[in-house]
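One structure is given below, encoded as structure tokens.
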Amino acid sequence: MKRRLIFLTVLSLALMATGGVMAAPQSRGSATLTGVVIGPDDKPAPHASVSYQSSDGSAPHAVHADAHGRFTISQLRGDNYDIRASAKGIFSEWEKNIPLRKGQTRSMELRLIYAKEMPKSASKTKPKQ
0 MKRRLIFLTV LSLALMATGG VMAAPQSRGS ATLTGVVIGP DDKPAPHASV SYQSSDGSAP
60 HAVHADAHGR FTISQLRGDN YDIRASAKGI FSEWEKNIPL RKGQTRSMEL RLIYAKEMPK
120 SASKTKPKQ
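Counting along the sequence shown from 1, when you hit position 90 you're at 89 in numbering that gives the first Met the number 0, and nothing is skipped either side.
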């Protein structure tokens with residue numbers, strides 16, 4: 000009975016301290032990353048996937064570029080971010096530790112350069128001996 004009374008007292012004090020509402024979800028940030036994904040042909044890569052996460056590896060997410068290869072990632076918190084693009088089995092390098100401050104907008108270009116496997120035309124040719 001005594002434990003229950005202590006619990007209810009602590010709970011009541013906590014509710015009064017927060018204005019009667021338990022902890023609210025964390026608010027979103029105000030920083031933005033924008034950019035364009037460029038394919039190996041030096042043209043924008045339509046509908047490319049853009050993966051990003053905090054540089055500590057937490058909170059991974061992805062967005063898609065538009066028909067012109069442009070992407071926007073908004074409502075980010077001030078932090079350092081890692082970002083990478085991919086399209087049709089071709090990837091960009093990870094751009095690491097991109098600093099974003101609260102309210103900042105940063106623009107970047109991601110170039111697709113790495114393929115999962117060699118293109119068929121390159122693997123059919125035999126080396127000369």
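Where is the CB? At the ideal position from N, CA and C, for every residue including glycine.
Contact belief for residue i with residue j at Cβ below 8 Å, rounded distance in angstroms
i            : j             : result
valine 49    : isoleucine 82 : 7 Å
aspartate 78 : leucine 99    : 6 Å
Contact check, residue i vs residue j, beta carbons under 8 Å
i            : j            : result
histidine 67 : proline 43   : yes
serine 53    : tyrosine 80  : yes
glutamine 74 : arginine 105 : no
Three-state secondary structure (DSSP) of residue i
i             : result
lysine 87     : coil
isoleucine 37 : strand
alanine 129   : As displayed, the chain neither begins before 0 nor continues past 128, which places residue 129 out of reach and without an answer.
arginine 129  : Missing from the structure shown is residue 129; the chain here goes from 0 to 128 and no further.
lysine 95     : strand
leucine 111   : coil
arginine 100  : coil
arginine 27   : coil
histidine 60  : strand
Euclidean distance between Cα positions of residue i and residue j
i                : j              : result
alanine 47       : threonine 33   : 14 Å
threonine 31     : asparagine 96  : 15 Å
tyrosine 113     : glutamate 92   : 8 Å
aspartate 65     : threonine 71   : 9 Å
phenylalanine 90 : leucine 111    : 5 Å
lysine 101       : proline 45     : 29 Å
lysine 87        : glutamine 103  : 31 Å
arginine 69      : tyrosine 51    : 15 Å
isoleucine 37    : methionine 107 : 11 Å
Per-residue burial, residue i [other beta carbons within 10 Å of its own, 16 or more giving buried]
i          : result
alanine 84 : buried
alanine 61 : exposed
Neighbour flag for residue i against chain D, beta carbons, 8 Å
i            : result
glutamate 94 : The question asks about chain D, but that chain is absent: this structure has only one protein chain.
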